[in-house]
Structure formats: structure tokens, C-alpha cells
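In this text, residue positions in the first sequence follow this note's numbering: the first is 31, and each later residue adds one.
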Amino acid sequence: MQESHYQELENKILKDLREKLQKFKSMGINPYPNRYRITHRIGEITEKYKDEFNEEKLKEAGHLSLAGRIMSLRFHGKISFAHIKDQTGKIQIYVSKEKLGENFYNNLFKKLDVGDIVGAKGTLFRTKTGELTLDVDELNLLSKILRPLPEKWHGLKDVETRYRQRYLDLIMNNHVKEVFITRSRIIDCIRNFLKNRGFIEVETPMMQPIPGGANARPFITHHNALDIDLYLRIAPELYLKRLVVGGFDRVFEIGKCFRNEGISSQHNPEFTMVEFYMAYADYRDLMQLTEELLSNMVREIKGSYTIEYQGKTINFTPPFKKISFHEALIEIGKIPKEVVEDKIKLKEFARNLEIDVSKIEKKGKLLAEIFEKTVEDKLIDPTIVYDFPKDISPLAKSREDNPEIVERFELFIAGREIANAYTELNDPDDQRDRFLKQLEERRKGDEEAHMMDEDYIVALEYGLPPTAGEGIGIDRLTMILTDSPSVRDVILFPTLRPEQK
RNA sequence: GGGCCGGUAGCUCAGUCGGUAGAGCAACGGCCUUUUAAGCCGUUGGUCCCAGGUUCGACCCCUGGCCGGCUCACCA
């Protein structure tokens, strides 16, 4: 580390910046002062005065103190222009030798670099071209940049640098900031929506002795003092339902889940979900709730029920399309009816779709694989697919009129699963049987099959009311609302292989 | 893990048939009192991802590796 740092200083640009730092210090200027008071954030000012062209009115704004990072710098003899930017916006500043004094102007101001963070005090005016500008009478260096920013016009494009040094991406690429602002608003919408309906927000363990609530391979970690292995949660589900048993009959949690699986443009090992559970409701109620949540959210954030995603138009106007899993296979997947109902023919059909059927025994699993291949990518507008096979849904309750089908739905948008919901299985004996069947799958080599969780069954024995629960993937939802093709574009610091030299 | 594409200055990118590397921006010096991709004059800046090989000679061709992107597989 030391050596590479030393080598980097051989680079002239870095050396020049270091020399400036030394020069400032020798002039008695602290390049990293402890504090600076601002009177306004930049966006407040630009918003308030964006239509004000009367010089007197602009003066009435008074003596302002603003601060931000220098994004452009145009020296023009005895005067100069620069733009400074903070989280809320950017504003031009006008700096003259006349106001700052020759010594300050020549020896400090002119040595500043794009990327330095400064505080500027002054009054507002409009330039010849009409741009709102701060006429600076006092300027302070607040933080000296020691590495050059990426090029101003093309910005930072290198994808790896954008992810590894996300701060550079945020500084240089404005739309990236918008993506994460939208992500924050999505979470606000969900939180407000649920709280308004009487849900309480809770936090349950991310480190669990038995990872449950989904079919996935977990990460393992170790607690030294207890000398036990723990798993990073793959879902909060079983803990949230314990809380419903405890009387928190409307709960939700927004947080990370971790699945030890491949990385792709649709999958990051850690991702964010909201899960919520509502007692005295069933999956039909959640369909309606989901429609309201998402359509309201899209209208609030995008200003319309209709959005563009990767060139496709997606319409969130409620009610959403609804189709049963069985019908979807036949009508959308174009699977002949007699095939869907015959396990032997199904296997043959799956083989022709290049699905590896060697490890698949359950009919439900076959149907699910075929569904993924033939139906999923055709569900562009929000579509609720309901009534799933029982053997791929170990935590969902069977229909009262058909024990092989569970009361479960998934919501698909833009060909991707966004939400998964069901009427919760609250019969402890049934749950134990389902876990036992999952254990059997595990023994046969399915590492994603559910583990037995006796504690959870004990909780059910104390009585879980009729409850419906749902999980919504925040990352994928954000992708759709920000027109992002990759999940890495909506995760600030996506999982990457560590850099090695 | 397979396939395809890529890695050249701080950034964005060129680089012809194999003849020892270029532009713009940034940086540095100078001029400039309303600019905004400011402008003009001048200067600097390179482990061409790494290691081998072929060759008189490799950014270029070959082999292996590292890193990344897309995609398929795996997987919500």
C-alpha cells in the first residue's frame, strides 16, 4: 500500500495538487477547516429566485453563505466564474480581484481546482446572459481535492470505477443521484403507505441460527463468544410471523436479505426487501393492497400511471391483470392443456425447453421451471399470477377447495418477479409436514430446500391468526421506476470482487 | 462455470500492414473585467492489465493468467 501510494505521487498531476496543499499551509490557510456555516442550501436559493430578474429584489435576498464542490472554473483575467454544487443543486459564483484583493485572488483563488470544496459569501445578481449568480465577497477553502476528478464533458463512464468509487459517479453523473433519490422516495412511499394502514415497522434478526422463509443458499458467519455458526438471513418471514403470533397483527420490515447465489444484472447477493404481514386478511386482500401501493407510488413518483422501461411501456393503472398460474401456462405459455395435466408429458415438454429435468421429481417444480421459460418474460404490464402448486410453496396455505393448490400470488412487471405473497400457513401440523417434505428434498441434494425450524412450529402452536404476507423486492422495483437495466445501477455499492494488484 | 466483447495519459477515446504511442479534456506557465464544453499562445504527462512466447523488432500476432461488461447456465 505504502509503495503504491509513493508511486502514485510520481504522477505529476498528483504532485501538483500536493504542492498546492503545502503552499496553502505555508500561507497559513487551513485546507481542512473544522466547520463552515451556511445560510442556505444551494437548491433553496436557485428555486426561490429562478424567475427573479429584478436586481433590487435579488439584492433583498441579502448576504448569503453557500458552500459546495467546485464543478467548473473559468478564469477570465481579473474576474472568474465557477459553479459550485451541493446535494440540492448548483449555482454560479462570480469572483473578482476587485472584491477579494489582489493577493487573495492571485495566490489563493487562482490556485483552486475543480473538485475543491469551498464556502462563498455574497449577494445575488444576474449576469449578462441572465444566469443567477453569487457575487462573492468572501471565499473559503473547506476541503482541498488531492486527486483530479474525471473529465468534465464525458464524465465517468468506466463501469467498474463507477461501482467501486461510487462517490465519483455521484459527483460526475447527475442522473445517478436521481436514481438514488427515487430509490429513497420508493422506500418512503412504502413506509408511509403501510404506516397509514396501521402497520408497525420492526427489525428482526439478520443473523439467524436457522435461515428460513425462502428457498435459497445462505451465507454462514461465526459468533466467537458463543462459538456458534449463524446464517445471514435469506428472508425475515418466520420472525415476522412470530410477531403476528405475539399480537403485532400488522407488521413490516424493510431491510437487507442475503442469498449466496450467482451475481447477475438481476441478482446481487445482498438485496433489499419489504415484507409485511396482515392478520385477518388473505391473499385476495393483498392483491388489492399491492395494486393500490404500486399504482399510487408510480403516480406520485413519476406523475403518471404509465412509465417507460427499456423501451417498453408499462401501465400501472389499477386493476392489474390477473391470471391463475394454471391458465397462464396454457394461455400465455401456450402449453397444451393435456400436457399441463400430465406429469409424464410435462417432463418431456420440459426437456424440449432445455430444462435439466434429471433432479426434478415434483410436478409443481416442473411447472415452475416451464413457467419461467415460457410465461415470465411475456408479463410486461403489472400482472398478478395466482394459485401456485403446493410443493413449491412450503409456507403457503392450501385452498380450501383444492389441497394441491396454495393461496399464493406473484406480481410480475417487465418480465420479472417483483412481489410474492400468500395466505400464511397457520396450521402447525401441516407446517411440520411441509418442512419434513422439504427436508426430504434437501436430502436428495436440493441445497435450497427449506430447513426444519422447530421453534417456528412451536410459535404456530400458540396460534397464528389467519394472516396474509407479502415480500416486495425494492431493488427490482427501483430498476423499473428508474429505467435501469442492471440491479447494480440501483445499489450504491454492489457486490464486486475485491480489487487485487 | 461456458460464449462474446473489452482493459492504451488523471478522464473520454484513436492507434493503419508488426517498425518503439496520439487527440480532446484535465494539469503546468503566460494573456484576458460577464464567462459557462470560455478563448488564445506555450509546456508537461505512458509499466499500452500481467507473465511468457513468436519475431531483427510486439499496443498489434500466439499461449496462459488477472480484472470488468454483456449473455447463457445457476438462481428470485
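Every residue gets a Cβ at the ideal spot worked out from N, C-alpha and C, and that includes glycine.
Cut-off 6 Å between Cβ atoms - residues of its own chain near residue i, not counting five sequence neighbours on either side
{"i": "E85", "result": "none"}
{"i": "D513", "result": "Y339"}
{"i": "G185", "result": "M202 and N203"}
{"i": "I43", "result": "P178"}
{"i": "K50", "result": "K141"}
Contact belief for residue i with residue j at Cβ below 8 Å, rounded distance in angstroms
{"i": "M303", "j": "G501", "result": "5 Å"}
{"i": "L359", "j": "V405", "result": "6 Å"}
{"i": "I147", "j": "V125", "result": "About 15 Å; that fails the 8 Å criterion."}
{"i": "I331", "j": "T212", "result": "6 Å"}
{"i": "G25", "j": "L268", "result": "In the structure as shown, the chain starts at 31 and stops at 531, and residue 25 therefore has no counterpart that could be examined."}
{"i": "I72", "j": "G145", "result": "In fact, because the Cβ distance is near 17 Å, the residues do not count as touching under 8 Å."}
{"i": "F355", "j": "F401", "result": "7 Å"}
{"i": "A265", "j": "E305", "result": "7 Å"}
{"i": "I121", "j": "I75", "result": "6 Å"}
{"i": "G503", "j": "I422", "result": "G503 to I422, Cβ: 18 Å. No contact."}
{"i": "S95", "j": "G149", "result": "6 Å"}
{"i": "L172", "j": "A97", "result": "6 Å"}
{"i": "T153", "j": "H93", "result": "6 Å"}
Endpoints, the alpha helix (DSSP H) within which residue i is located
{"i": "L268", "result": "E267 to V275"}
{"i": "V209", "result": "N204 to N226"}
{"i": "N133", "result": "E132 to N137"}
{"i": "A398", "result": "K393 to T404"}
{"i": "F379", "result": "K373 to N382"}
{"i": "R506", "result": "I504 to L511"}
{"i": "Y193", "result": "V189 to R194"}
{"i": "E477", "result": "Element bounds for E477: n/a, residue is neither H nor E."}
{"i": "Q296", "result": "Taken as a continuous stretch (DSSP letters only), Q296 belongs to no alpha helix (DSSP H), as it is neither H nor E."}
The beta strand (DSSP E) enclosing residue i, as first and last residue numbers
{"i": "S173", "result": "L162 to S173"}
{"i": "A112", "result": "I109 to D116"}
{"i": "G98", "result": "L94 to H106"}
{"i": "V520", "result": "No beta strand (DSSP E) holds V520; DSSP gives it neither H nor E."}
{"i": "K342", "result": "K342 to N345"}
{"i": "R156", "result": "I147 to R156"}
{"i": "S9", "result": "With the chain running from 31 to 531 in the structure shown, residue 9 is simply not present."}
{"i": "V387", "result": "From DSSP, V387 is part of no beta strand (DSSP E); its letter is neither H nor E."}
{"i": "K120", "result": "G119 to S126"}
{"i": "R280", "result": "R280 to F288"}
{"i": "E338", "result": "T336 to Y339"}
For residue i: DSSP bridge partner residues
{"i": "P419", "result": "I435"}
{"i": "Q318", "result": "The partner list for Q318 (beta bridge, DSSP) is empty, contrary to what the question assumes."}
{"i": "Q238", "result": "Y261"}
{"i": "L441", "result": "I414 and A449"}
{"i": "A426", "result": "E454"}
{"i": "A498", "result": "M308 and T453"}
{"i": "M303", "result": "G285 and G503"}
{"i": "T251", "result": "L260"}
Contacting residues, own chain, Cβ-Cβ under 8 Å from residue i (five flanking each side not counted)
{"i": "S232", "result": "One point to set straight first is that residue 232 is Val, not Ser, in the sequence displayed. Excluding residues within five positions, the ones whose Cβ falls inside 8 Å are L270, L273, F278, V281, F282 and E283."}
{"i": "Y261", "result": "M237, Q238, P239, I240, P241, P248, F249, I250 and T251"}
{"i": "N326", "result": "C219 and F223"}
{"i": "K367", "result": "I360"}
{"i": "L47", "result": "D143, K174, I175, L176, R177 and P178"}
{"i": "F83", "result": "R156 and G160"}
Beta-carbon contacts of residue i that lie in its chain and below 7 Å, excluding the five residues immediately before and after
{"i": "T453", "result": "D312, Y313, A426, K427, E437 and A498"}
{"i": "N41", "result": "none"}
{"i": "L324", "result": "F346 and P412"}
{"i": "Y36", "result": "Caution applies to Y36, whose pLDDT of 42 falls short of 50 and renders its modelled position unreliable; the model cannot decide the point."}
{"i": "L409", "result": "F442 and G445"}
{"i": "V209", "result": "T512, S514, D519 and V520"}
{"i": "R527", "result": "none"}
{"i": "T525", "result": "I293, N298, P299 and E300"}
{"i": "F28", "result": "Since the first residue shown for the chain is 31 and the last is 531, residue 28 is missing from the structure and cannot be characterised."}
{"i": "Y335", "result": "S325, V328, R329, N345, F346 and T347"}
{"i": "R263", "result": "P235, M236, Q238, P241, C287 and F288"}
{"i": "Q468", "result": "P424, A479 and H480"}
{"i": "P458", "result": "I487, L490 and E491"}
{"i": "K207", "result": "L200"}
{"i": "L494", "result": "K271, V274, V275, E454 and N456"}
{"i": "M31", "result": "Residue placement at M31 is flagged as unreliable, the pLDDT there being 29, under the threshold of 50; a coordinate-derived value is accordingly withheld."}
{"i": "G228", "result": "R280"}
heavy atom of the ligand NAP below 6 Å from residue i C-beta
{"i": "K182", "result": "Among the components modelled here there is no ligand, and therefore nothing to report on the ligand NAP."}
Is there contact here, the segment 406 to 416 with the segment 368 to 381, by at least three beta-carbon pairs under 8 Å?
The segment 406 to 416, when compared against the segment 368 to 381, does not touch it at the 8 Å Cβ threshold.
Is it true that the segment 459 to 472 meets the segment 249 to 265, where meeting means three or more beta-carbon pairs spaced less than 8 Å apart?
no
Counting beta carbon pairs with one atom in the segment 197 to 213 and one in the segment 161 to 172, are three or more of them shorter than 8 Å?
no
Can at least three beta-carbon pairs, one atom from the segment 172 to 187 and one from the segment 479 to 495, be found at a separation below 8 Å?
no
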